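J.: The opening position of the sequence shown corresponds to residue 41 in this note's numbering, with each subsequent residue numbered one higher.
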Amino acid sequence: MNARTTEFDKLVAQLQLCDVEMARLEEKVGHREPERRGALENEALDTLQAMLDKELATLRQLWDEADQALRLLEQAKDDEWGILKARVEQALTHLDEALKEAHARFGE
41 MNARTTEFDK LVAQLQLCDV EMARLEEKVG HREPERRGAL ENEALDTLQA MLDKELATLR
101 QLWDEADQAL RLLEQAKDDE WGILKARVEQ ALTHLDEALK EAHARFGE
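See the structure below:
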């Protein structure tokens, strides 16, 4: 296995980990058992759900961008590799930061 393959596999693993983290966040906040609650509590939960939905849409967009960058990297020629790898790393950094913020916002 050459160095490019190893680096590419590490980047793929990072993206897969982000996917798992997004699913975990969605599951934690997105699946609440119905309970007897007051109107104010239900409104607060609806607001929280709307915020999470917006956050997840942003995370999915960042994930898609990182995935697309990985696809381009996979097909890269030697002279393009360094530039495209930097793009993937930047996309993954943005996604990771957004995930950390989302976890902080939603009580992780």
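The beta-carbon is built from N, C-alpha and C at its ideal position, and this holds for glycine as well.
On a predicted model such as this, the values are computed, not experimentally measured, just so you know.
Would you tell me roughly how many angstroms separate the C-alpha atoms of T133 and A126, rounded to the nearest one?
T.: Taking the straight line joining both Cα atoms gives about 10 angstroms.
J.: DSSP state of K125, grouped into three classes?
T.: Residue state, collapsed to three classes: helix.
J.: Can you grab the Cα-Cα spacing for the pair V52 / N82, in whole Å?
T.: The straight-line gap from Cα to Cα measures roughly 39 angstroms.
J.: In terms of residue numbering, what span does the alpha helix (DSSP H) encompassing N82 cover?
T.: First-last of the alpha helix (DSSP H) with N82: 79 to 114.
J.: Here's the rule: buried if 16 or more other CB atoms are within 10 angstroms of the residue's CB, otherwise exposed. What is L139?
T.: Buried, because 16 or more other Cβ atoms sit within 10 Å of the Cβ of L139.
J.: Tell me which same chain residues have a C-beta within less than 8 angstroms of the C-beta of R145, skipping the five on either side of it?
T.: The answer, listed in chain order, is M91, E95.
J.: Do the CB positions of L102 and L57 come within less than 9 angstroms of each other?
T.: No, they are not a contact pair.
J.: Taking the beta carbon of V60 as the centre, do at least 16 other beta carbons fall within 10 Å, making it buried, or is it exposed?
T.: With fewer than 16 Cβ atoms within 10 Å of its Cβ, V60 is classed as exposed.
J.: In this structure, does DSSP put K117 in helix, strand or coil?
T.: If DSSP states are grouped into helix, strand and coil, K117 belongs with coil.
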